[in-house]
Amino acid sequence: RYVGKDYSSAQEQMEDDMKAYYSQNSSVLLAQSLSVGQLVAVHAEEDAWLRARIISLEDDKIKVSYVDHGFSEFVESNSVYKLQQQFTLLPFQAAKCKLAGLEAFCDDPVLVKTVESQTCYKILAVEILERSDIPLLVLYDTSGEDDININATSLKALYDKSLQLHLQVDALYTNVRVTSVFSDGSLYCQVPSKGLARLSEVLQKLEDYFDYKQTSEFNVTLPFCGKICLFLSKGKWARVEIRIIHTRRALDVQFMDTGTVSTVKVSELKEIPPQFLREVIAIPPQAIKCCLEDLPPNTGMWTPDAVLWLRDTVMTCPEFSMKVVKHDGSKGIAHVYLFAPENIPDVDHSVNQQIKNADLWKHQKDVFLSATPSGSSFTKVTSDAVSALQLTSGKLEKSVSGSAREPSSAEPDSDMPPPLPLSKAGELMDVYVSLACHPGHFIIQPWNELHHLESLMEEMILYYSSAEGKPVTIEKNKLYAAKIGNQWYRVVVKGILRNGFLSVYELDYGKHEFVNVDKVQPLTSAFRKLPFQAVTAQLAGVKSQQWSEEASIVFRNLVEKKPLVAQIQAVNESANPWDRKIVTLLVDTSLPDTDIWINDFVSQSLVELSKDD
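Reminder that position 562 of the sequence shown reads as 1346 in my numbering, one-by-one numbering, no gaps.
What follows is the structure, encoded as structure tokens:
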């Protein structure tokens, strides 16, 4: 059931009204003739009055389904009353739904019990994937610090418990393989086990099956977070779980059995063939998340050199010994010591002790850290010259070699996209207002080009998530690609700040952002063809003034994130396309009978809220 004023609150009010009404008129409103499918009012337990539909009639027993609560029960005939017209106006509040990814296991009693324990009598968030008579959805429990994907969590009930690896504290495990390393120093390991052997068998069966079967018939058509799929990696099939959906074409997955995170195309994912589904799902993830015990205290975030050293040490060695000293079940992480094969399993000879003793906990001048799509590989760049960006004493210093410089007379980037075509003065143009500060400053995008921008953003995600990170020479007023949040944007650097941060301007969206230099890559020529989509604008037809906060908020609510029609009055060109500015009228044509000229509304309604210069 939906929670809200027009849903659960309206239902509660209706049931209170039913109770008051039938308590006064029950003697004359008993239902006389009943039929299957009939809507009735039922006097239920705890003196509640509920709407119901008759499912079956058996002697004096009547089976009803409560249309606002979703459950059924047998009731006595003297509890069933005629449903009055005023109580039929509210739509039925209980909606039957399907949980995505669990359809094949709907008759499994263990799964059903798990779903029930995690969902019943809780307020949850819902993502509707398909709207139909029985909608397909994903449920999220948002009551805790982290959101819990109910669909994905429920699948864990199907794990074969005999294949689960329970790490024992103080136990020593041999032939351990480190499969990925992350920038916070955490790593994933595979430990030889019954589950790992079973996984190898099942994946081999899948490989044999796909050898003579067209994989295109197993393309994923409806991706969602928590969905488990197959992905062909280095010629071998692997299990992956969808973690983040960027666009219709690009998403992030985590390899369930190595821990690696990667951005892939939706078209590269395959459904698990139905005959293999249960045995693929039954194998618990074989990647164990670990952290190295007994590292220097108070180091804060791992430095690039420390992460690079750890990666170079553990990813190039085929196997290790591992001693578990603690297992944090709440966080799902094991605290371990790692030992190279040639070293005895003594703490003094552990990888932990080696990295603790190494001088790796201060930022070095010649290190660039750039994550590859797995989130676990890093590139170290050294140079005889002083590096472009130096992290020393916690602040950013300008390079002696001039690789990161702020020219006094900034030269624009030579390889610029063509200028964005604009309509002629007086002509109408469909636009989208992506950002609005006040009538004197807002950002428009050409409506008819938005699909090209969406395609560009998808291609940038796929390209930069799969490309090897490169060292970047940072210059002011030059073009780059920057990862902001989970997306890659075309940006121009506006300033080089302290502590490794840059001030950048999003050339397609008109926003100013701060970004770490680690998140910046060269903007390749393939992404310089589409004209920059953000155009700075000023509203025509209103007096230029110092806009008050109240006026700015009203204007923002009128235009931001809305498709409108622009009538450009003037274009102020500039050497840099991001400094180009237009003066334009805006028209809201969304109403069926009238057009709203925003400048008229501003003039009439906002001027009194603003103070003149």
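The beta carbon of each residue, even a glycine, is placed where N, CA and C say it ideally should be.
The model shown is predicted, which means the values in this text are computed figures rather than measured ones.
- Gly1284 and Leu1092 have their C-alpha atoms roughly 18 Å apart.
- Scanning the stretch 1010-1082 for uninterrupted beta strand (DSSP E) segments of 3 residues or longer gives 1012-1017, 1020-1029, 1034-1039, 1045-1049 and 1072-1076, listed from N- to C-terminal end.
- Partner residues in the beta bridge of Lys866, as assigned by DSSP, are Val824.
- Within the DSSP secondary-structure output, Thr1368 pairs in a beta bridge with Leu1323 and Ile1352.
- Straight through space, the alpha carbons of Ile918 and Gln869 are spaced by roughly 27 Å.
- In the three-state DSSP reduction, Asn1232 falls in the helix class (H, G or I).
- C-alpha of Ser901 to C-alpha of Val1135: approximately 43 Å in a straight line.
- By the Cβ test, the stretch 909-918 is not in contact with the stretch 1027-1038, since fewer than three Cβ pairs between them sit closer than 8 Å.
- In the pairwise beta carbon analysis, the stretch 1246-1263 is classified as not touching the stretch 1340-1351: fewer than three pairs are separated by under 8 Å.
- Taken in chain order, the unbroken stretches of beta strand (DSSP E) that lie wholly in the stretch 1267-1304 and span 3 residues or more are 1271-1280, 1285-1290 and 1296-1300.
- DSSP links Met1106 through a beta bridge to Tyr957 and Leu1122.
- Judged by pairs of C-beta atoms under 8 Å, the stretch 1066-1074 touches the stretch 933-948, as three or more such pairs exist.
- With contact defined as three or more Cβ pairs closer than 8 Å, the stretch 896-911 and the stretch 808-824 are not in contact.
- Excluding sequence positions up to five before and after Pro976, its CB lies within less than 7 Å of the CB of Asn959, all in the same chain and listed in chain order.
- In this structure, the straight-line span from the alpha carbon of Pro893 to that of Lys882 is close to 16 Å.
- Beyond the five residues adjoining it in sequence on each side, Tyr850 comes within less than 6 Å, by CB distance, of Leu834 and Ala836 in the same chain, given in chain order.
- Between Ile1072 and Leu1014, the gap from beta carbon to beta carbon reaches 7 Å or more.
- In the three-state reduction of the DSSP assignment, Val922 falls in the strand class.
- In this structure, Leu1061 lies near Ala888, with their beta-carbon atoms less than 7 Å apart.
- Pairing Val910 with Leu920 gives a Cβ-Cβ distance that is not under 7 Å.
- Shortest Cα-Cα distance from Leu1006 to any of Ile1337, Lys1049 and Val1217 involves Lys1049.
- Residue environment analysis places Asp800 among the exposed positions, since fewer than 16 neighbouring C-beta atoms fall within 10 angstroms of its C-beta.
- DSSP lists Ile1117 as the bridge partner or partners of Asp1112.
- Under the three-pair Cβ rule at 8 Å, the stretch 965-979 counts as touching the stretch 1092-1102.
- Shown here, Ser817 sits in coil according to DSSP, grouped into three states, outside any helix or strand.
- In its chain, beyond the 5 residues on either side, Asp1214, Val1215, Tyr1216 and Pro1347 have a beta carbon closer than 7 Å to the beta carbon of Trp1231.
- Here Ser1287 is near Lys1278, since their CB atoms are less than 7 Å apart.
- Contact between Asp925 and Leu951 is ruled out by a C-beta separation of about 27 Å, above the 8 Å threshold.
- Per DSSP, the unbroken alpha helix (DSSP H) holding Leu939 starts and ends at Ile934 to Leu939.
- Less than 7 Å separates the beta-carbon of Asn1127 from that of His1133.
- Looking from the CA of Phe1123, the closest CA among Leu818, Ile1117, Glu1357 and Gln1138 belongs to Gln1138.
- Look at Thr963 here: in three-state DSSP terms it is strand.
- The beta carbon of Tyr993 lies closer than 8 Å to those of Pro1057 and Phe1060 in the same chain, with the five residues before and after it left out.
- When C-alpha distances from Leu1206 are compared across Gln1229, Glu1052 and Leu1219, the shortest belongs to Gln1229.
- In terms of CA proximity to Ser1051, Ser1000 leads the group Arg1027, Leu874, Glu1063 and Ser1000.
- For Cys1221, the CB contacts under 8 Å within the same chain, skipping 5 residues up- and downstream, are Ser1336 and Arg1340 in chain order.
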